[in-house]
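Student: Quick one: structure below, then a few questions.
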Amino acid sequence: MANERIRNDEKAFLERHGIPEQCVADMRHRADWASCAEFMHPIDCYVAWGFRQCDLGHRLTTARGKCLQCNPASIGFMKGYWTEGYVYLLASQSEEIVKVGWSSDIEKRFRELLSERVGSVSDWQVIRTFLCGQPAALEKALHDRLVNHREVRQYMRHRISREARELFSCSKHAALRAWNEVVASRSEW
Ligand SMILES: [Zn+2]
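Residue numbering for the sequence shown follows this note's numbering, starting at 23 and increasing by one per position.
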């Protein structure tokens, strides 16, 4: 899209969140959000620009019109639909608990999980990793498949109580079965 139309504060925002400008689509002349999404998806754009301004004057939104500058937390999720990343399955070696998540830097993520003792588990072991084009979608499919085993745990990090999500109380073997089924359910993730 035409660079000169993006304001410097918008450029800075994109840069800060690692969003390449070719992933931003100029939506100023679209009729509605449905036509924005229709236009954006085939060209791998995940940020819409110029179709709607939020009350603060921000113009970078999702394909459905949610302001990204007010909701930067949705960026990671959205990018996961379009960026390559690793989906992982971890299991505790001492308890019947597994964790399914995704990250673009799996080694760094794994070190964090161990050092933070996420879910009060200190013996996470990597069972499977899968590099794919839509890690957030695959992660969601795995979470849906395991939903009956979902367990939310509190744990302490830097003396602050946190909530560990993405945890499931089931055996490693049950989780692996679910993993194999879901990964094989689509030829391409
Ligand atoms: Zn905003």
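Cβ atoms here follow ideal geometry from the backbone N, Cα and C, with glycine treated the same way. No experiment lies behind these values; they were computed from the predicted model shown.
DSSP on I28, reduced to helix/strand/coil?
Tutor: coil
Student: I'd like to know if the segment 149-157 and the segment 190-201 are in contact, where contact means that at least 3 CB-CB pairs between them fall below 8 Å.
Tutor: When Cβ pairs closer than 8 Å are counted between the two stretches, the segment 149-157 is seen to touch the segment 190-201, the count reaching three or more.
Student: In chain order, what residues of the same chain have a beta carbon less than 7 Å from the beta carbon of E118, not counting five sequence neighbours either side?
Tutor: S191, C192, S193
Student: Give the secondary structure of M178 by DSSP, where H, G and I count as helix, E and B as strand, and everything else as coil.
Tutor: strand
Student: Distance, Cα to Cα, R131 vs S125?
Tutor: 7 Å
Student: My output table needs one value for R38: the three-state DSSP class, helix, strand or coil.
Tutor: In the three-state DSSP reduction, R38 falls in the helix class (H, G or I).
Student: Might you give, ordered along the chain, the residues of its own chain that have their beta carbon closer than 8 Å to the beta carbon of C76, omitting 5 neighbours on each side?
Tutor: T83, C89, Q91, C92
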